[in-house]
Amino acid sequence: MTYSIVDIRKTDTCLKNSIINGINQSTKSIPAIVLYNELGLQYYEKVTYLKEYYLMEAEIDILENKAGQICDYIPEGGSLIELGSGALRKTRLLLDSIEKQKKNVTYYALDLMESELKRTLSSLGKFQYVKLVGLWGVYEDGIEYASNLSGELHKTIMWMGSSIGNFSRDEAANFVKTIQDKAMNPGDLFLIGIDRRNNPDKIAAAYKDPKGINTKFVMNGLNHVNTIFDQPIFDLNNFEHVTMYKDDVGRHESYCKVKNDTTLEFKESKDNPKTVIKLKKDELINIGYSHKYNKAETDALFDFSLLSYVESWTDSQSLYDLHLVYKPPSHFTRKFDSHN
3 MTYSIVDIRK TDTCLKNSII NGINQSTKSI PAIVLYNELG LQYYEKVTYL
53 KEYYLMEAEI DILENKAGQI CDYIPEGGSL IELGSGALRK TRLLLDSIEK
103 QKKNVTYYAL DLMESELKRT LSSLGKFQYV KLVGLWGVYE DGIEYASNLS
153 GELHKTIMWM GSSIGNFSRD EAANFVKTIQ DKAMNPGDLF LIGIDRRNNP
203 DKIAAAYKDP KGINTKFVMN GLNHVNTIFD QPIFDLNNFE HVTMYKDDVG
253 RHESYCKVKN DTTLEFKESK DNPKTVIKLK KDELINIGYS HKYNKAETDA
303 LFDFSLLSYV ESWTDSQSLY DLHLVYKPPS HFTRKFDSHN
């Protein structure tokens, strides 16, 4: 075996409670994490191969042309920690570049599913200089693990794919600030992919493709809820996937829309009382956001997070950016200013 996997999962995060509470609000939602079971991760990988899903191609475009420049900043003997590693198509470009530079680096791939870690890490083959380690857990587990790595080792933390967009701007700022606070030492690097506020039609097409792969991805999330509760909570035939992009706030929104009045019944369990939730025809359940960033919003994010620019790279169509920032030796606390 050319890799190892470490189970860093902590205790149950009360996902069932989060699901019930989210649906039981006037503005209804389901935690986006339900999208990413084993089948969901496979659907998402298919989404990234769609020509409409420009984010992946833009990020690959940057890495195909600039991976060497990025890896110049990663020192010998350092560690590379990726939050939400996914299929590793784009990460492979960085690892190949590190290998060409003959740097001994340990790459840590964090993901939700052990089976996907095994599949993707085994697809990389064997490196002479890069050591491969899978981390089985969620973001919070990965941050804690990174914080416990030797303080003498230089760390580069990666958060690619514009995954930051799944958070509200306030949540994103606080999350990146947490990474800086807990997982980074002065001089450590943070490489992050962020999608721009592009043409609304282009953004809309990326999340509602003609082949319906995005829709299968979302509807599988409802089916995953049924599996989590071991109950037929959702009748998938009574829901449809709808999306919208709000250009004024730079946010794409994904929903499950109720076709006909229905009742969701969560049976009593040792952790939850019986809960009955009535849904009206045309009611919407949010299942994911994707925020887009202009330069001022990106600058505000890093300013609040107390991170300083090293360098930024843009794809050939100026749709998407990779930013490399670092934790300076000293800083002053700032307040994040967000309006959405």
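Letter by letter, the sequence shown follows residues 3 to 342 in our numbering.
Heads up, the beta-carbon is just placed ideally off N, CA and C, and yes, glycines get one too.
Euclidean distance between Cα positions of residue i and residue j
i	j	result
V220	A302	31 Å
N228	F241	14 Å
V278	P234	13 Å
D9	L112	10 Å
N150	L37	29 Å
S152	G136	18 Å
L224	F268	14 Å
L290	A34	For clarity, residue 290 is Gly in the given sequence; the question names Leu instead. Rounded to the nearest angstrom, the two C-alpha atoms are 6 Å apart.
E101	E313	22 Å
Y257	T122	30 Å
T265	D190	50 Å
Q69	Y75	The question names Gln, yet the displayed sequence has Ala at residue 69. Each residue's Cα considered, the two are about 10 Å apart.
A185	R171	21 Å
I7	Y209	32 Å
K157	E40	29 Å
E154	E78	12 Å
G214	Q44	14 Å
Y110	D98	15 Å
I145	I181	6 Å
N67	F192	19 Å
G24	S31	5 Å
K276	S28	19 Å
K5	L326	Correcting the residue type first, residue 5 is Tyr in the shown sequence and not Lys. Distance between the alpha carbons of Y5 and L326: 27 Å.
K12	S81	23 Å
K124	G139	Before going on, a small fix: residue 124 reads as Ser here, not Lys. Distance between the alpha carbons of S124 and G139 is about 18 Å.
L309	Q319	27 Å
K280	S20	17 Å
R336	T217	Caution is warranted here: a pLDDT of 49 is assigned to R336, below 50, making its placement in the model unreliable, and no coordinate value can be reported.
Y328	E118	30 Å
I22	I72	43 Å
N222	N239	12 Å
K120	Y141	18 Å
L286	D305	35 Å
V178	G42	25 Å
P188	L96	23 Å
Same chain, Cβ closer than 7 Å to residue i, neighbours up to 5 away in sequence not counted
i	result
K18	I230, F231, D273, N274
I166	A174, I194, I196
N168	A34, G290, Y291, S292
Y147	I10, L137
Contact set for residue i: own chain, Cβ-Cβ below 6 Å, skip 5 residues either direction
i	result
L324	I64, G195, W315
W161	L85, I194
D211	L52, E54
A60	D317, L321, Y322
M58	T50
I205	Y247, H254
I62	K92
H226	V36, N39
P1	Residue 1 is absent from the structure shown; the chain starts at 3 and stops at 342.
Residues near residue i in its chain [Cβ-Cβ closer than 8 Å; skip 5 each side]
i	result
R94	L126
G252	R199, H293, K294, Y295, N296, E299, N342
R282	As written in the sequence, residue 282 is Lys, which differs from the Arg given in the question. Excluding residues within five positions, the ones whose Cβ falls inside 8 Å are V260, D263.
A89	E47, T50, T122
P202	Y247, D249
E270	K276
Residues bridged to residue i [DSSP beta-bridge criterion]
i	result
K253	Note that residue 253 is Arg in the sequence shown, not Lys. R253 pairs with K248, H293.
I287	K30, C258
I83	Y110, I159
E47	For E47, which the question treats as bridged, DSSP gives no partner whatsoever.
F219	F219 is not bridged to any residue.
K210	Bridge partners of K210: none, in fact.
Y322	D197
K280	T265
S6	V135
CB contact check: residue i to chain B, cutoff 8 Å
i	result
N26	Absent from the structure is chain B; it holds one protein chain and no more.
Residue i: CB within 7 Å of a non-hydrogen atom of the ligand ZN
i	result
A174	Within the structure as shown, the ligand ZN is missing, as the structure has no ligands at all.
Inset, instruction - Decide yes or no for the touch test of the stretch 131 to 142 against the stretch 106 to 116: beta carbon pairs closer than 8 Å, at least 3 of them. - result: Because the criterion of three Cβ pairs below 8 Å is met, the stretch 131 to 142 and the stretch 106 to 116 touch.
Inset, instruction - Answer yes if the stretch 152 to 161 comes into contact with the stretch 81 to 95, meaning at least three C-beta pairs across the two stretches below 8 Å, and no otherwise. - result: Of all C-beta pairs linking the stretch 81 to 95 to the stretch 152 to 161, three or more are shorter than 8 Å, placing the two stretches in contact.
Legend entry - Runs of alpha helix (DSSP H) wholly within the stretch 135 to 198 (minimum 4 residues, chain order): Those alpha helix (DSSP H) runs which fall completely within the stretch 135 to 198 and span 4+ residues are 141 to 149, 171 to 180.
Legend entry - Completely contained beta strand (DSSP E) runs for the stretch 85 to 132, where each covers 3 or more residues: Correct list: 107 to 113.
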